[in-house]
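Read the structure below first, then the notes.
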Amino acid sequence: GIQVEQSPPDLILQEGANSTLRCNFSDSVNNLQWFHQNPWGQLINLFYIPSGTKQNGRLSATTVATERYSLLYISSSQTTDSGVYFCAVVGNTPLVFGKGTRLSVIA
Amino acid sequence: GAVVSQHPSWVICKSGTSVKIECRSLDFQATTMFWYRQFPKQSLMLMATSNEGSKATYEQGVEKDKFLINHASLTLSTLTVTSAHPEDSSFYICSATQGTSGGAQYFGPGTRLTVL
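Listed in order, the protein sequences are those of chains A and B. The opening residue of the first sequence carries number 1199 in my numbering; numbering runs sequentially from there. The opening residue of the second sequence carries number 28 in my numbering; numbering runs sequentially from there.
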């Protein structure tokens, strides 16, 4: 089945810093989503982005489907950005999740 | 829009009992719903896919007689953990999609199950 790899696995940032999270996938995909899982477990949809670039406030994402990767940019990070960021893809199987990037933003 | 709810948000039960978890799409009709399981500090693992009015499709290694899934309407799916044991303790999350299987999925807040 399709493999999804996220990097880095862990990231510690000073408040106000910028960061880039990466998601590599092993096969063609019909769907790619980025999620933020907050400390209570809720998965929050960030982007539905099978290709192209999208922006939402301090967050933006770019998927280059032909090269099988997606990037999530977080600018001017805040402590509320802490949590786990998951990339998940749909190829010829239902949604497959990467292992996530655990982000800690410290004041 | 695209809100999914789950009930209960947490449950504690004795070993051997059954527990039912509900997943509802509140503002859209969900053609397909999914059930995931997440252990501490791990990623989400798909358990099963359910389409309204038909039998669920279970992932390899998931016991269909232990994890009963019913998708009786376009807004409700239920997961029943039968004869629960401590190893079934986990965080169970549902999601729903309103379009094709490749469309965006919207996730419920999860149910934390603890079996004593």
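We treat Cβ as the ideally placed atom computed from N, Cα and C, and that holds for glycine.
Determine, for residue i, whether the minimum Cβ-Cβ distance to residues of chain A falls below 9 Å.
{"i": "B:Y160", "result": "Outside the shown range of chain B, which is 28 to 143, sits residue 160 of chain B, and nothing can be said about it."}
{"i": "B:R139", "result": "yes"}
{"i": "B:A29", "result": "yes"}
{"i": "B:Q65", "result": "yes"}
Smallest Cα separation from residue i: which of the options?
{"i": "A:L1241", "options": "B:V30, B:S77, B:K47, B:L103", "result": "B:V30"}
{"i": "A:A1215", "options": "A:V1202, A:A1263, A:R1256, A:G1250", "result": "A:R1256"}
{"i": "B:C121", "options": "B:E90, B:H112, B:E114, B:N97", "result": "B:N97"}
{"i": "A:P1292", "options": "B:P35, B:V108, B:Y85", "result": "B:Y85"}
{"i": "B:G80", "options": "B:P67, B:T58, B:Q65, B:V89", "result": "B:T58"}
{"i": "B:R139", "options": "B:S104, B:D54, B:I48, B:K41", "result": "B:I48"}
{"i": "A:N1229", "options": "A:P1237, A:T1218, A:S1268", "result": "A:S1268"}
{"i": "B:V142", "options": "B:F134, B:P35, B:D115, B:R64", "result": "B:D115"}
{"i": "B:H34", "options": "B:T124, B:G130, B:F118", "result": "B:F118"}
{"i": "A:I1200", "options": "A:V1303, A:F1295, A:P1206", "result": "A:F1295"}
{"i": "B:T124", "options": "A:V1288, A:I1304, A:S1280", "result": "A:V1288"}
{"i": "B:K41", "options": "B:F134, B:H112, B:M60", "result": "B:H112"}
{"i": "B:S70", "options": "A:H1234, A:S1249, A:Y1246", "result": "A:H1234"}
{"i": "B:S100", "options": "B:C50, B:G43, B:V46", "result": "B:C50"}
{"i": "B:D54", "options": "B:W62, B:T102, B:G43", "result": "B:T102"}
{"i": "A:V1227", "options": "A:V1303, A:C1285, A:N1254", "result": "A:C1285"}
{"i": "A:R1266", "options": "A:G1239, A:A1305, A:G1250", "result": "A:G1250"}
{"i": "A:Q1276", "options": "A:A1259, A:Q1204, A:I1304, A:G1239", "result": "A:I1304"}
{"i": "B:S77", "options": "B:T105, B:K68, B:F66", "result": "B:T105"}
{"i": "A:S1258", "options": "A:T1278, A:W1232, A:S1302", "result": "A:W1232"}
What residues from chain A crowd round residue i, counting only those whose CB sits closer than 8 Å?
{"i": "B:S70", "result": "F1284, F1295, G1296, K1297, G1298"}
{"i": "B:Y133", "result": "N1243"}
{"i": "B:F61", "result": "P1292, L1293"}
{"i": "B:I120", "result": "G1239, L1241"}
Please list, in chain order, the chain A residues whose beta carbon lies closer than 9 Å to that of residue i.
{"i": "B:L73", "result": "T1291, P1292, L1293, V1294, F1295"}
{"i": "B:T76", "result": "P1292"}
What residues from chain B crowd round residue i, counting only those whose CB sits closer than 8 Å?
{"i": "A:Q1240", "result": "F134, P136, G137"}
Report yes or no: is there a C-beta of chain B within less than 9 Å of the C-beta of residue i?
{"i": "A:F1233", "result": "yes"}
{"i": "A:N1216", "result": "no"}
{"i": "A:N1229", "result": "yes"}
Residues of chain B with CB closer than 7 Å to the CB of residue i, please, in chain order.
{"i": "A:Y1246", "result": "A131"}
For the beta strand (DSSP E) containing residue i, list its first residue and its last residue.
{"i": "B:G137", "result": "Counting along the chain, B:G137 falls outside any beta strand (DSSP E), and DSSP gives it neither H nor E."}
{"i": "B:K47", "result": "46-52"}
{"i": "A:S1302", "result": "1299-1304"}
{"i": "A:D1208", "result": "1208-1212"}
{"i": "A:S1229", "result": "For the sequence presented, residue 1229 of chain A should be read as Asn rather than Ser. Taken as a continuous stretch (DSSP letters only), the beta strand (DSSP E) holding A:N1229 covers 1229-1235."}
{"i": "A:A1286", "result": "1281-1288"}
{"i": "B:Q33", "result": "31-34"}
So does residue i have its beta carbon nearer than 8 Å to some heavy atom of the ligand FAD?
{"i": "B:A131", "result": "Ligands in the displayed structure: none, and consequently the ligand FAD is not present."}
Whole runs of the beta strand (DSSP E) within the segment 61-121 of chain B, excluding any shorter than 3 residues: 71-78, 94-100, 103-108
Ranges of the beta strand (DSSP E) found wholly within the segment 1246-1277 of chain A, counting only runs of at least 3: 1250-1254, 1257-1262, 1267-1272
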